[in-house]
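Peer 1: Numbering (full-length UniProt numbering), first residue to last: 1 to 225.
All residues carry an ideal CB built from backbone N, CA and C; glycine is no exception.
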């Protein structure tokens, strides 16, 4: 089995490579950021790509963005996400990438210490199975019983809302996504409507910032508030 590792922490990246090699896994490339990830995967044609979620430069969801691009361009490559965070929204986003040829996995980094468990997870993902950390399974089940406040948003709108939650201005979001600022403003307005947040004129009168309310809705959806 051949894998590519995308992890910004050098010590963990090297430890993963050394440990997996000892388990008989061929580590064909090690990458530290999102910029080189797709090129490495294209060149190495791995069975599975191991991705950290939070990578430079923003340390938000770069790993998932890469995963979405890999699934679109190289659907035969399995995806195993490693993260320090048990994010239900991230897990659901990853589950949407599952297809019949290669599946996905989401494990907490604390599992990395058990190399046999990690190797087995890689083999299962390469074989087309779904591997989700037990803690996340519990949270996913609880989440299924509660309404998702972001269910009405498209993936692109969720991405914009995530950037709003990070404190980005409309101009900053436009630069990040390569959009016109007018396009971002329109999306933000649509997001506010879908989330049933007060209109800008109302928030001005009540001294409440709509962007703060939107950020709170997003963070609550991640079980962070």
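Between residue 23 and residue 119, how many whole angstroms is the CB-CB distance? I'm expecting something under 8 angstroms.
Peer 2: Right, their Cβ atoms sit about 4 angstroms apart.
Peer 1: If we count the other Cβ atoms within 10 Å of its Cβ and call it buried at 16 or more, is residue 170 buried or exposed?
Peer 2: By the neighbour-count rule (16 or more Cβ atoms within 10 Å), residue 170 is buried.
Peer 1: Hey, would you say residue 12 sits closer than 8 angstroms to residue 34, going by beta carbons?
Peer 2: For residue 12 and residue 34, no; Cβs fall outside 8 angstroms.
Peer 1: Quick check on the burial criterion: 16 or more other C-beta atoms within 10 angstroms. Buried or exposed for residue 218?
Peer 2: Buried is the call here.
Peer 1: At 3 residues or longer, and completely inside the UniProt domain "Response regulatory" (2-124): list those beta strand (DSSP E) runs for me, N to C.
Peer 2: DSSP runs (the beta strand (DSSP E)) wholly in the UniProt domain "Response regulatory" (2-124): 2-6, 26-31, 48-52, 78-83 and 104-108.
Peer 1: What's the call for residue 160, buried or exposed, on a 16-neighbour Cβ count within 10 Å?
Peer 2: The residue in question, residue 160, is buried, as its Cβ has 16 or more Cβ neighbours within 10 Å.
Peer 1: Quick check on the burial criterion: 16 or more other C-beta atoms within 10 angstroms. Buried or exposed for residue 201?
Peer 2: Note on residue 201: pLDDT 42, under 50, position unreliable in the model; no value is reported.
Peer 1: Please classify residue 135 as buried or exposed, where buried requires at least 16 other C-beta atoms within 10 Å of its C-beta.
Peer 2: Classification of residue 135: exposed, given that the 10 Å Cβ count is below 16.
Peer 1: Between which two residues does the alpha helix (DSSP H) containing residue 166 stretch?
Peer 2: First-last for residue 166: undefined, no H or E at that position.
Peer 1: Taking residue 184 as part of the alpha helix (DSSP H), name the residues at either end of that continuous run.
Peer 2: Residue 184 -> alpha helix (DSSP H) spans 181-194.
Peer 1: Would you identify the three-state DSSP class for residue 217, choosing helix, strand or coil?
Peer 2: Correct three-state label for residue 217: helix.
Peer 1: Thinking just about the alpha-carbon of each residue, which of 53, 52 and 27 is nearest to the one in residue 44?
Peer 2: Checking every option, the nearest Cα to that of residue 44 belongs to 27.
Peer 1: Taking the alpha-carbon of residue 50 as reference, which of 96, 151, 108 and 183 has the nearest alpha-carbon?
Peer 2: Of the listed residues, the one whose Cα sits closest to residue 50 is 108.
Peer 1: What's the C-alpha gap between residue 214 and residue 62?
Peer 2: Whole-angstrom Cα-Cα distance: 21 angstroms.
Peer 1: Are the segment 74-82 and the segment 120-134 in contact at 8 angstroms, needing three or more beta carbon pairs?
Peer 2: Verdict: yes, contact present.
Peer 1: Determine the burial state of residue 187: buried for a count of at least 16 other Cβ atoms within 10 Å of its Cβ, exposed for fewer.
Peer 2: Buried, because 16 or more other Cβ atoms sit within 10 Å of the Cβ of residue 187.
Peer 1: Between residue 46 and residue 196, what straight-line distance do the alpha-carbon atoms span, to the nearest angstrom?
Peer 2: Roughly 44 angstroms between the two C-alpha positions.
Peer 1: Verify whether the separation of the beta carbon atoms of residue 115 and residue 104 is less than 8 angstroms.
Peer 2: No, the Cβ-Cβ distance between residue 115 and residue 104 is not below 8 angstroms.
Peer 1: Based on the DSSP secondary-structure assignment, which residues constitute the bridge partners of residue 132?
Peer 2: DSSP output for residue 132 lists 106 as bridge partner(s).
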